Amino acid sequence: MTWAPVGLVKNSPEQRTAEFFNERHYALSMDEASLSAKTVAELKAMLSEQGLAVSGRKAELIDRILTNEKHDPMDAVIMNPEQTTMALEDDPIEYDAPLTFKARMQQQVYGPINMGAAIAIGLAVMMVSAVLIVQPAWLGFGEDYEYELIEFDAAQTQKFAQNLVDLGHPDWEGRMSGTQEEANAAQYIISEFAAMGMQTQLNSYEVPMHTVNSEPSLRICVQGNIGGLIQSPCEGPGSGGSDITEFQHRVDYVIQGFSGQSEYTFQQDVQLTDLGNGSDDGLWSSASGTIGYLRSGGSKISNTVMFSKAAESNLAGLIRVNKDYNCGLIEGNDCVPIFKGSSIDDVTAANGGTIPTDIPFIAMSKDAGEILEAAVFNATGTQGVLEMIIDVTNDQEQTIYVPCGIINGQSEEVVIIGAHHDTVYQGQGAVDDSSGTASVMEIGRQLSEVVNQSGTPERTIHFCTWGGEEEGLYGSRAYVAANQNFLRDNLRLYINLDMNHVDADANRGNSVSLFTNNRGDYGHIERITELYESANPDMAERYDIRISLLAGDRGDADGMPYNSDHGPFVYDLGDKTGRAAACYGSGSWEYHTYLDTMDRFNSESLGISVIIYGTYVRLLAYNADV
């Protein structure tokens with residue numbers, strides 16, 4: 009069920025009630041009516057002038073003003089029993105003498121309905137209207153508050169995202185956590201928050217983080233024959249008779265999270281073992297000392313499980329090839345390899361308590377995998393020899409950053425809006441998650457302007473971006489752990505924007521998913537969304553905005569997922585479940601690849617989450633009772 013913005017809606021129950029009395033020419037007091045026509049801000053200004061409290065719902069503000077003026081609004085409808093006449097305006101009925109109160113109540117107004125009954129019906133209608141419209145929160149759909157949509161500048165938001173992308177690695181483009189590129193991104197974000205007039209805070213945390221030190225090498229060599237008798241070498245003099253295929257880093261293969269390092273050359277002739285889809289434990293056991301080749305298309309095994317099994321089985325390396333995911337819409341018939349992380353704690357446990365440092369772990373594209381298979385497993389002649397040089401450090405801690413901009417309120421109760429500023433190591437991360445970080449910055453910019461105009465908010469607002477998300481939500485987890493007591497007592501809501509982007513091509517999907525784990529927040533978000541769609545009919549037509557309530561337990565289908573930075577704010581607060589809202593976009597097939605670039609950036613779509621969630625933050629900031 010959706011609710012229109014609260015007000016006197018045409019043909020609403022409260023309007024019909026007012027028309028009923030007007031048609032009967034009763035002189036209603038205009039005090040309450042005139043107050044109802046005012047905005048919440050105007051009512052609060054009146055209360056402030058009278059030295060009265062300014063918190064509460066609109067109906068409460070009106071009642072407080074009327075009470076202070078010693079005015080009983082019920083006098084407008086129900087007369088004092090001692091009074092013998094009611095004021096009438098242009099009454100079409102002529103009376104020989106003033107009617108008594110009792111007589112007026114018995115006066116017929118329609119068929120068998122007398123005036124007393126009519127008033128009773130009118131009051132009943134008004135009470136129902138109050139429940140359904142003035143107090144929809146009683147049904148779990150929000151309160152009687154006015155929502156003022158914030159502004160959104162698509163060009164400025166795109167500029168924020170482009171500046172973040174420009175800070176990426178000169179060769180690999182990404183802002184991998186623990187690198188100078190990630191540190192530069194955090195400093196840029198801090199500088200922008202400071203320029204908005206915010207107090208700034210740069211948090212840093214030491215966390216487990218692997219580091220890609222140099223360009224890797226992956227080649228396959230099929231040796232030829234010299235004179236039909238002697239095999240030609242793969243390198244050096246006489247190697248011209250051998251066929252060498254060099255796979256391209258970031259295109260044909262990528263390193264997976266917490267991969268170990270290796271320096272397997274052609275001369276070492278390291279063997280490959282076909283593990284099928286990874287479900288046969290016997291194949292894993294037989295692969296000890298070799299590089300396992302896993303066809304992940306028919307398997308639901310996660311990277312963590314794959315890497316753990318590789319450690320338990322003492323593999324020399326691991327190659328994962330996605331055999332069935334259709335990335336052909338990106339690059340012909342190929343499947344671009346996608347970066348995925350591993351839970352280092354689980355992998356360490358599987359390795360006897362230490363991180364496996366000598367098991368390289370890569371993902372290959374489908375086409376590259378088929379070339380390798382033809383040269384090794386399906387060779388009709390000489391079997392190919394693999395070279396695999398991976399230069400990774402995975403057993404050290406690195407510094408990651410959490411920059412925050414702060415708008416201080418009158419209380420310590422806080423609303424936090426966040427996104428992760430890190431990327432996978434081998435991609436720009438234009439959508440994942442420069443889009444979310446740029447959106448947080450734009451909300452911060454807009455709300456800074458609101459504060460300049462409206463004054464200090466009642467609640468404090470934090471704008472934070474997280475490092476370490478791609479490797480295990482390290483930034484948000486560390487922040488929650490460091491501030492757990494404060495957050496448990498003061499966190500009103502955390503809002504997460506992760507890939508809140510929709511591809512410009514509607515054929516890829518045009519949905520924007522907004523979800524929360526609290527019914528009250530759900531009601532407000534729903535009503536703000538309705539207001540947004542009314543104000544932006546073209547956007548409402550182009551995009552499918554979906555709102556979900558996920559109030560179940562962790563791991564349940566109707567529970568908040570623990571797959572992005574909202575997870576720690578919901579589930580890591582000790583015995584308290586935190587309130588959170590999030591936004592995911594659609595499309596984004598280039599997710600976690602080198603193709604996640606700004607040339608496909610659709611800044612328009614970011615306005616949906618920026619305006620809807622930014623408007624809600626504005627409401628929360630200035631209404632402490634929400």
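Every position in the sequence shown, counted from 1, becomes a number in this note's numbering once 8 is added.
Backbone N, C-alpha and C fix where the C-beta goes; we use that ideal spot for every residue, glycine too.
Please read all numbers here as calculations on a predicted model, not as lab measurements.
Less than 8 angstroms between the CB atoms is what I'm expecting for residue i and residue j, so what's the real figure, rounded?
i, j, result
"ILE398", "MET217", "Actually they do not touch by this definition, with Cβ atoms about 16 angstroms apart."
"VAL448", "ILE425", "5 angstroms"
"GLN454", "GLU190", "Not quite, the Cβ-Cβ distance comes to about 26 angstroms (not below 8 angstroms), so this is no contact."
"HIS470", "LEU172", "In fact, because the Cβ distance is near 19 angstroms, the residues do not count as touching under 8 angstroms."
"GLN418", "THR464", "6 angstroms"
"ALA194", "GLU612", "Incorrect: roughly 27 angstroms between the Cβ atoms, too far for contact."
"GLN436", "GLY176", "6 angstroms"
Return the chain-ordered list of same chain residues with a C-beta closer than 8 angstroms to the C-beta of residue i, the five sequence neighbours on each side being excluded.
i, result
"ALA514", "ARG550"
"ARG608", "ALA438, VAL439, ASP511, ALA512 and GLU598"
"GLN164", "GLU450 and ARG453"
"ALA295", "THR281, LEU283, SER321 and LEU323"
Have a look at residue i and residue j and give me their C-alpha separation to the nearest angstrom.
i, j, result
"VAL262", "ASN518", "29 angstroms"
"GLN276", "GLY249", "19 angstroms"
"PRO364", "ALA324", "10 angstroms"
"PHE109", "GLY528", "Residue confidence is low: PHE109 scores 32 on pLDDT, short of 50, so the model does not pin down where it sits. No coordinate-derived value is stated."
"PHE274", "ASN508", "45 angstroms"
"GLY615", "ASP282", "48 angstroms"
"TRP292", "LYS317", "7 angstroms"
"LEU210", "ARG328", "38 angstroms"
"ASN571", "GLY483", "13 angstroms"
"ASP179", "ARG467", "43 angstroms"
"PHE523", "HIS574", "11 angstroms"
"HIS33", "GLU538", "In this prediction, HIS33 scores a pLDDT of 28, lower than 50, which makes its location untrustworthy; the coordinate-derived value is nonetheless stated afterwards. One C-alpha to the other measures close to 36 angstroms."
"TYR579", "ARG562", "8 angstroms"
"VAL423", "ALA629", "8 angstroms"
"SER42", "VAL410", "49 angstroms"
"MET606", "MET54", "49 angstroms"
"ASN525", "GLU541", "23 angstroms"
"ALA559", "ALA565", "10 angstroms"
"GLY340", "MET372", "Only weak support is given to the placement of GLY340: the predicted model assigns it a pLDDT of 49, under 50, and the question is left unresolved by the model."
"GLY205", "SER199", "10 angstroms"
"ALA202", "GLY586", "28 angstroms"
"MET314", "ALA446", "35 angstroms"
"MET568", "THR253", "46 angstroms"
"ILE415", "VAL220", "37 angstroms"
"ARG500", "ILE309", "37 angstroms"
"TYR624", "TYR592", "17 angstroms"
"LEU495", "TYR502", "10 angstroms"
"SER270", "MET396", "7 angstroms"
"GLN188", "PHE266", "19 angstroms"
"ILE228", "GLU381", "10 angstroms"
Below 7 angstroms CB to CB, which residues in the same chain sit around residue i once its five sequence neighbours on both sides are set aside?
i, result
"GLU214", "GLU405 and THR407"
"ALA319", "VAL355, ALA358, ASN359, PRO364 and ILE367"
"ILE619", "LEU157, ILE158, PHE160 and TYR540"
"HIS257", "GLU223 and PRO224"
"SER443", "ALA169, MET507, ASN508, HIS509 and LEU614"
Going along the chain, which residues of its own chain have a beta-carbon closer than 6 angstroms to the beta-carbon of residue i, five neighbours each way excluded?
i, result
"ASP251", "VAL230"
"ASP403", "ILE363 and THR365"
"TYR530", "THR524 and LEU557"
"LEU302", "LEU283, GLY286 and ARG328"
"ASN498", "GLU420, GLU421 and VAL422"
Based on the DSSP secondary-structure assignment, which residues constitute the bridge partners of residue i?
i, result
"CYS412", "GLN209 and CYS472"
"SER617", "Bridge partners of SER617: none, in fact."
"ALA512", "DSSP output for ALA512 lists no bridge partner at all."
"MET396", "LEU226 and TYR272"
"CYS343", "The partner list for CYS343 (beta bridge, DSSP) is empty, contrary to what the question assumes."
"ASP251", "VAL230"
"MET372", "TYR261 and VAL329"
"VAL220", "VAL400"
"TYR502", "ILE424 and ALA588"
"THR407", "GLU214"
"GLN239", "ASN233"
"THR537", "None, per the DSSP bridge assignment."
Any heavy atom of the ligand HEM closer than 8 angstroms to the beta-carbon of residue i?
i, result
"THR312", "Looking for the ligand HEM in the displayed structure turns up nothing, as the structure carries no ligands at all."
Verify the CB distance criterion: does residue i have a CB-CB separation below 9 angstroms to chain D?
i, result
"ALA358", "This model lacks chain D altogether; it includes just one protein chain."
Report yes or no: do three or more beta-carbon pairs, one from the region 552-560 and one from the region 524-541, lie closer than 8 angstroms? yes
Cβ pair count under 8 angstroms reaching 3, the region 343-355 against the region 379-394: no
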